[in-house]
Amino acid sequence: MASSYRFSRVAQSLRPSPIRELFAVSQRPGMISFAGGLPDPEIFPVDQFAECAEVLRVEGRVALQYGASEGYRPLVDQLRARMEPVLGAPVAPEHLVVTTGSQQVMDLLARVLVDPGDTVVVEAPTYPGALHTFRAAGARFALVPCDEFGMRTELLDGVLESCRRESGRPPALIYTITNFSNPSGACLAGDRREHLVAAAARHGVPVFEDDPYGELRFRGAPQPTVYGLAGGKGVVFASSFSKILAPGVRVAWAVGEAELVRRLVIAKQGIDLCTPMVAQVLVSEYCRRGFLDAHLPRIRAHYAGKATAMAGALRRHLSPDAARWTDPDGGFFFWLDLGRRDSRTVFEQAVDAGVAFLPGSAFFPHAEEVVLGHGDGTSFARLCFTFAGPGEIDEGCRRLGLALATA
Ligand code: PMP
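For the numbering used here, count along the sequence shown from 1 and bump the result up by 65.
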């Protein structure tokens, strides 16, 4: 039957996220899921959040009104104060915009920096939500491989130079997840942060430093931000309340040069006018009462316990020649190298055994959209340790061990 619609070229190029499809499998009764990258709802501060709703009696007329595209000013000021020690630089109001999730930061950046056919440099593996957004803007991808210390920045000069030579212009953007990457769990090493800043500046390519997991460090010392190392020049830093408070609030923020932030704000006006004011007012009240500062150590300890449980369970149930991994110091994920095994085959066996994870191929662009670099993640698996219940972690790893023994 003829369609009633003539879909745009972009719509035709987009495919449903494989992650969403695998989600359906992970919802089967009895399945233990390490698949979705979800926070633990047990740790959501429901009572405190409900208490914060009292603020609506005072701020209700503001909360229920349209707001500035830049963000609810008290929240903007709280975020500026939170960001200054993290970024090591003062953050003036015109350097910050509140967004509807950090997913929206990607969308806004794509709109203001990426033209169809442009190259975006991504680490491999990377966050599929970013690939989806840049793909929708017509981007192609250049891949920089990663190891347990993050992006291999010693390769960056060569990648940036090849991109410029081949397309006649430098890439539009370098996208990096600097702390506890989704999916690899890796943090970008200190010297690599310096390389990144130097290479990006040398080639005149802006950097998007996506950092939703940085506050979830339970071991080791944090590295300086790329934004701070670059003195804020040419770097956009983003973070989010999704992992440290709750993704349901859909409140995040970006910090960058005033000229760029102004463009992001203008682009945002064409998308949602402003981030929902009700959410911003509640989150601001949650911070004002000191609840976030009290919640962060709790959540770090909670996730440290889960990560330790998964590290122990993996060691107990997976034979050393079946998989290799590095225990993460924070964030949400273990990234397993299954050697010669195809993780999609292991996935089928694992689902039969009653445990789900995400095959590594979900974290790589499609071959036809890659202009430089290669890799398909076939032998890797991402395991999220935050969502499963304490009893489920051991049992899920036991099932995974069985699946690996038969795959
Ligand atoms: N960046 C990374 C690396 C992520 O893992 C996620 C969510 N899983 C996001 C951005 C988007 O987060 P949100 O829109 O909820 O802030």
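Just so you know, even glycine gets a beta-carbon here, dropped at the ideal spot from N, CA and C.
Model, not experiment: these values are computed from the prediction.
When the alpha-carbon of PRO94 is set against those of ALA432, PHE273, GLY419 and LEU401, the nearest one is in GLY419.
Burial check for LEU129: the Cβ neighbour count within 10 Å stays below 16, so the residue is exposed. According to DSSP, residue pairing for PHE109 in a beta bridge does not occur. In this structure, GLY293 keeps its C-beta atom at 8 Å or more from the C-beta atom of ALA265. Within the segment 271-341, the runs of alpha helix (DSSP H) at least 4 residues long that lie entirely inside it are, in chain order, 291-294 and 323-334. In chain order, ASP402 place their CB closer than 6 Å to the CB of ARG389, counting only its own chain and leaving out the 5 sequence neighbours on each side. Out of GLU107, ALA195, MET216 and ILE108, the CA that lies nearest to the CA of GLY250 is found in MET216.
If only complete runs of 4 or more residues are kept, the segment 95-181 shows the alpha helix (DSSP H) at 111-117, 121-128, 138-152 and 167-178, in order along the chain. In the three-state scheme derived from DSSP, where H, G and I count as helix and E and B as strand, ASP358 is classed as helix.
The set of residues with a C-beta under 6 Å from any non-hydrogen atom of the ligand PMP comprises GLY102, GLY166, SER167, GLN168, TYR192, GLY194, ILE242, ASN247, ASP275, PRO277, SER305, SER307, PRO312 and ALA317, given in chain order.
For ASP392, no pairing in a beta bridge is given by DSSP.
The segment 354-364 and the segment 180-189 do not touch, with fewer than three beta-carbon pairs separated by less than 8 Å.
In the three-state reduction of the DSSP assignment, PRO424 falls in the strand class.
In the DSSP annotation of this structure, the continuous segment of the beta strand (DSSP E) that includes CYS449 starts and ends at 445-449. Look at the beta carbons and you see the segment 431-440 touching the segment 202-212: at least three pairs across the two are nearer than 8 Å. Residue range 193-201 is occupied by the alpha helix (DSSP H) that includes PRO193, with no beta strand (DSSP E) assigned at that position. Along the segment 202-279, the beta strand (DSSP E) occurs as fully enclosed runs of 3 or more residues at 205-212, 238-242 and 272-275, listed in sequence order. Distances from the alpha-carbon of GLN169 to those of ARG74, HIS197, PRO424 and LYS371 put HIS197 closest. Between PHE398 and ASN247, the C-beta spacing is below 8 Å. The segment 154-174 and the segment 303-321 touch, with no fewer than 3 CB-CB distances between them shorter than 8 Å.
For GLU457, the enclosing alpha helix (DSSP H) begins and ends at 455-471. In this structure, DSSP gives PHE88 a helical state, which the three-state scheme calls helix. With a cutoff of 8 Å on beta-carbon distance, LEU281 and TYR368 are scored as near each other.
Inclusion of SER305 and PRO277 in the CB contact set at 8 Å is warranted, their separation being smaller than that value. DSSP places ASP441 in the coil class of the three-state scheme, outside both helix and strand.
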